[in-house]
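Counting in the working numbering, the sequence shown runs from 813 upward without gaps.
From the three backbone atoms N, C-alpha and C, an ideal C-beta is built for every residue, glycine too.
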Amino acid sequence: MDAATFQEKVFGNGAGSLSEANPEYARFASAFAGAEVPGEPAAELPERERYLAILAALMGCQGLDMFRIQAGCALDAGLTPVEIKEVAYQGTAYLGLGRAFPFVKAVDEVLAERGIELPLEGQSTTTPETRLTAGNQKQIDYFGEGMRESWTKGAPERSVVNRWLADNCFGDYYTRGGLSDLDRELVTFCYIAAQGGCEPQLTSHAAANMGLGRTKDFMYRVVEQCLPYIGYPRSLNALACVDNAATR
């Protein structure tokens, strides 16, 4: 996508458009987000991963209007409806139902506009009986053997939350189809980076990404592609968390 196409999709053209009311802003914002950042060789990402990151970051910063636009762009770039749905669903674990719910609705609306029939094919792989064990195994895969039966360790008064982390966060979401482990850790990093104020968790998930095979350079590129949407302070914090994770 070039700057002109980005401007048309985001700001519109013609009478009554945001471009008409804000011509200078529309021009330089579109040039930066639509051309300079995605085209920067030092920050380039594959198109699929770039859109996964941007959609998750827009959920994290609550950029609903921009999310609708970028979801359509992601479909045009080849992301599947299931992939985009899974980004919206998994955001619930990191942003809460109150903040994720409008994005789930927005995905439905974007897909309906494209004539895509809902519901999509189910992606659950667990049952109420297996979700705890399966979710805990994902925690172990990402964060190491020390996570085994984590709800039985530490302060007893926190055990219920630690159990929910295993059976709900990881058991209900991470075990689903549609996105790989690498994809799910990528979008999780972006939810947390974009909402800010969760630097210990962001460092842990930066480390999990690298533990699954991502490089420090790749994680830098993820942050750089999200920067136009989440701003400089949260991007700089995210880069610092990547640095910290890389030294573990």
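Under 8 Å, do residue i and residue j count as touching if we go by C-beta distance?
i, j, result
"residue 912", "residue 896", "no"
"residue 767", "residue 886", "The chain is shown from 813 up to 1060; residue 767 falls before or after that span and cannot be answered."
"residue 1050", "residue 1005", "yes"
"residue 999", "residue 1031", "no"
"residue 1001", "residue 950", "no"
"residue 969", "residue 948", "no"
"residue 842", "residue 815", "yes"
"residue 1026", "residue 991", "no"
"residue 818", "residue 845", "yes"
"residue 988", "residue 937", "yes"
"residue 974", "residue 963", "yes"
Any idea if residue i is buried or exposed, counting beta-carbon neighbours within 10 angstroms, 16 or more meaning buried?
i, result
"residue 1036", "buried"
"residue 904", "buried"
"residue 1015", "buried"
"residue 967", "exposed"
"residue 869", "buried"
"residue 972", "exposed"
What's the gap between the Cα of residue i and the Cα of residue j?
i, j, result
"residue 800", "residue 919", "No answer is possible for residue 800: it lies beyond the span of the chain, which begins at 813 and ends at 1060."
"residue 872", "residue 1047", "12 Å"
"residue 1022", "residue 1028", "7 Å"
"residue 1024", "residue 1010", "21 Å"
"residue 838", "residue 914", "26 Å"
"residue 857", "residue 832", "32 Å"
"residue 927", "residue 822", "22 Å"
"residue 1003", "residue 909", "13 Å"
"residue 986", "residue 953", "11 Å"
Nearest to residue i by alpha carbon, out of the options?
i, options, result
"residue 1017", "1057, 1043 and 1044", "1057"
"residue 894", "908, 923 and 1014", "923"
"residue 852", "1059, 1045, 1040 and 1060", "1040"
"residue 934", "901, 954, 908 and 956", "901"
"residue 976", "955, 994 and 943", "943"
"residue 860", "891, 1003, 908 and 813", "891"
"residue 925", "881, 957, 889 and 945", "881"
"residue 955", "971, 941 and 978", "978"
"residue 888", "1060, 813 and 986", "813"
"residue 1044", "1020, 899, 1008 and 1059", "1008"
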